[in-house]
Structure formats: C-alpha cells, structure tokens
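Residue numbering for the sequence shown follows the numbering used here, beginning at 58 and increasing consecutively. Reviewing the structure listed below.
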Amino acid sequence: MTRIRAQKVAEQMKKELADILQHELKDPRIGFVTITRVEVSGDLQHAKIYVSVYGPEAEKEATLGVLTKAAGFIRGEIARRLHMRMAPELVFRLDESGEYSERIEHVLKSLKENEAND
C-alpha cells in the first residue's frame with residue numbers, strides 16, 4: 058500500500074515540479090531542464106528528482122546548484138500544491154541516461170559501419 062502511495066505522490070510531484078520550474082523559478086542560471094524521474098521513499102520523507110539539462114557541463118552543474126539552493130522553496134510549493142503537511146526532502150540529481158544511450162547508439166553504429174566495410 059505504501060509503495061503505491063509513494064508512486065502516486067512521485068507522479069504528482071513530477072507534474073508539479075515541471076510547472077514550478079517553468080512558471081515559478083525565474084533564475085536565469087537555470088538552463089533547459091526536463092524532469093526525467095522522481096523517486097519517493099515509502100515513508101514519503103525523501104525524494105530523488107532526476108533532471109536532464111541541455112547544454113555544456115558547466116551549465117548542467119550551474120543548473121543543479123540553483124535547483125539545490127531552491128529546494129526549500131520548491132519543497133514548500135510541493136507541500137502546498139499536493140496538500141501535504143510535510144513534503145519530502147528533495148535531492149536533485151543529473152540524469153545521464155540519455156547521454157549514455159547516445160554513446161551506446163554511437164558505438165553500435167560505428168561497429169555496424171566497420172562490419173560493412175570489412
């Protein structure tokens with residue numbers, strides 16, 4: 058039962074986080090951010106938010122720093138929007154799965170080209 062509730066809270070948080078980032082945070086240091094995944098613990102005390110940031114590594118790190126500093130504000134907004142007494146503690150992490158997939162695809166493509174040339 059708690060796992061199902063945590064999944065539902067995670068889904069709602071993902072939607073609200075996207076809205077908060079788009080409309081509430083006006084910091085120019087925030088790059089093009091996509092919320093890729095939200096994991097909420099069973100007791101709803103902790104949440105890991107995985108974000109994908111388009112741009113160079115420096116922009117990714119700057120965006121992650123801004124999000125980490127704004128975590129208190131975002132947490133309050135989440136609590137208010139989801140009608141929770143206590144929102145989970147938020148931890149932002151860079152999601153590198155997209156870049157990993159691109160590297161794998163590039164390797165497979167080059168192997169296929171090498172095979173065709175042989």
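We put the beta carbon where it would ideally sit given N, CA and C, even for glycine.
Starting from residue i, trace the beta strand (DSSP E) in both directions and tell me its first and last residue.
i	result
ARG94	89–97
GLU146	146–151
Span of the alpha helix (DSSP H) holding residue i?
i	result
ALA128	128–138
ALA104	Note, ALA104: premise wrong, no alpha helix (DSSP H); beta strand (DSSP E) at 103–111.
GLU81	Looking at the DSSP string, GLU81 is not in any alpha helix (DSSP H), and its letter there is neither H nor E.
Among the residues of its own chain, which have a CB less than 8 Å from the CB of residue i, if the five just before and after it don't count?
i	result
ASP152	THR93, ARG94, TYR107, VAL108 and SER109
LEU74	ILE92, VAL95, ILE106, ILE131 and ILE135
ALA127	LEU82 and ASP84
LYS117	GLY88, VAL110 and LEU151
Whose CA, out of the options, lies closest to the CA of residue i?
i	options	result
ALA67	GLU146, THR120 and SER167	GLU146
GLY122	SER154, VAL148, LEU101 and ARG142	VAL148
ARG60	ALA115, VAL97 and LYS71	VAL97
GLY99	ASN174, ALA63 and MET143	ALA63
MET143	ALA104, LEU168 and HIS163	ALA104
With distances taken between CB atoms, is the gap from residue i to residue j smaller than 7 Å?
i	j	result
PHE112	GLY88	Going by the sequence as given, residue 112 is Gly instead of Phe. In contact: GLY112 and GLY88 (Cβ atoms closer than 7 Å).
ARG150	ALA119	no
LEU199	GLN69	Because the chain here runs from 58 to 175, residue 199 falls outside it and cannot be looked at.
Excluding sequence positions up to five away, which residues of its chain have a Cβ less than 7 Å from the Cβ of residue i?
i	result
ILE77	ILE131 and GLU134
GLN102	PRO145 and GLU146
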